[in-house]
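Right, one structure below, let's go through it.
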Amino acid sequence: MFSSIYLAILLLGASLVAGAPHRRDIARRRGCGTHISSAQIASAERLFQTNRLPPPDENSTATVTLDIHFHVVYANETLDGGFVPDEQIRAQVDVMNRDYNITGITWNLVTISRILSPDWFAKVAPDTPEEADLKSQYRKGNASTLNVYTVGLKEGPGQGLLGYATFPKDYSGQPSNDGVVILYSTMPGGPTPPYNMGRTLTHESGHWSGLYHTFEGGCTGKGDHVDDTPPEKEAAYGCVKTRRTCPKSKLDDPTTNFMDYSDDACMTGGFTKGQGTRIRAQMRTYRAVAI
């Protein structure tokens, strides 16, 4: 297990990296490429309610361990070129395990593969030929296996993104496309502050596990289809602790939730109990996970 001391060193390094030449400057706004329309959500939720599987035991507190395969796509053997060290990947999995504690899921790092491809490093992005080629060649495992691809997100539709993911419902139709793509520098200690504490993968794997953004649908409708996340008119950026953007809501916006857009350090609210329940139901129904 990656030591807490080394993780602390990585995070300290992140705070000092502002003056370093390899810092990656991006806009101070989280960019998530996981989008789904209101019509698509309505259709997906009807299907989910029809096919939803009950828990193995109504009083079950079961936990499950899911495998992760990391695929590091790099342009050259430098940090700027995406050559992420193993220690940083282990630190990322440690972050995931802390963040997913409420869900009953534990993540197990199985393999780290390294893929030298300047073309893929720059061009892999949502719905590109490069993404399809990468995933079709390297994806491992079954529906319950999380494949994480770290790339540069430098060109085309990838510019400005920190990551994106597929939803559980999509697996049966296109299993080779399943997985999460993240900007390599968002892992703990990476050179992309304020998004370098590992919360990008927590957020994107939340989509992979069946969650929508907390601000989905704004102030109307069922929002993110989780009862204990208050409605939110729009995404929260930076470190807004308290606001209420929906006039009819009696609760503050969930700005610190993992599925909002706040800075990594400000995602202190984690997942809610309701989000944990939804994750387990989605994983049972679409990823054959008995939890």
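Sequence positions in the sequence shown follow mature numbering (1 follows the signal peptide of the UniProt record, and there is no 0) and run -19 to -1, 1 to 272. Backbone N, C-alpha and C fix where the C-beta goes; we use that ideal spot for every residue, glycine too.
Between the CA atoms of residue j and residue i - distance to the nearest angstrom
| i | j | result |
| --- | --- | --- |
| glutamate 26 | leucine 127 | 23 Å |
| histidine 206 | alanine 23 | 10 Å |
| glycine 187 | glutamate 58 | 30 Å |
| glycine 211 | aspartate 151 | It is proline, not glycine, that sits at residue 211 in the sequence shown. Cα to Cα, proline 211 sits roughly 27 Å from aspartate 151. |
| valine 105 | threonine 258 | 32 Å |
| residue 276 | proline 35 | Nothing in the structure corresponds to residue 276, since the chain is present only between -19 and 272. |
| cysteine 13 | tryptophan 189 | 13 Å |
| isoleucine 17 | glycine 198 | 11 Å |
| arginine 10 | phenylalanine 102 | 22 Å |
| alanine 246 | methionine 168 | 13 Å |
| lysine 214 | arginine 120 | 36 Å |
| valine 221 | threonine 173 | 20 Å |
| tryptophan 88 | arginine 33 | 24 Å |
Bridge-paired residues (DSSP) for residue i
| i | result |
| --- | --- |
| alanine 146 | Val161 |
| threonine 46 | Thr87 |
| histidine 52 | Ser94 and Tyr130 |
| cysteine 13 | Gly144 |
| asparagine 238 | Gly251 |
Min CB distance residue i to chain B below 8 Å
| i | result |
| --- | --- |
| valine 76 | Here chain B cannot be found, since the structure has a single protein chain. |
First through last residue of the alpha helix (DSSP H) which encompasses residue i
| i | result |
| --- | --- |
| arginine 268 | 254 to 268 |
| alanine 23 | 19 to 32 |
| leucine 182 | 180 to 189 |
| alanine 103 | 99 to 104 |
| residue 302 | Limits of the chain in this structure are -19 at one end and 272 at the other, which puts residue 302 out of reach. |
| arginine 225 | Per DSSP, arginine 225 belongs to no alpha helix (DSSP H) and is neither H nor E. |
| alanine 72 | 67 to 80 |
Residue i, buried or exposed, once every other Cβ within 10 Å from all chains shown has been counted against 16
| i | result |
| --- | --- |
| aspartate 75 | buried |
| aspartate 38 | exposed |
| asparagine 238 | buried |
| lysine 116 | buried |
| alanine 110 | With the sequence shown as reference, residue 110 is identified as proline, and alanine is not the correct amino acid for it. So proline 110 counts as exposed. |
| glutamine 140 | exposed |
| phenylalanine 252 | buried |
Contained beta strand (DSSP E) runs [length at least 3] in the segment 191 to 223, N- to C-terminal order: none
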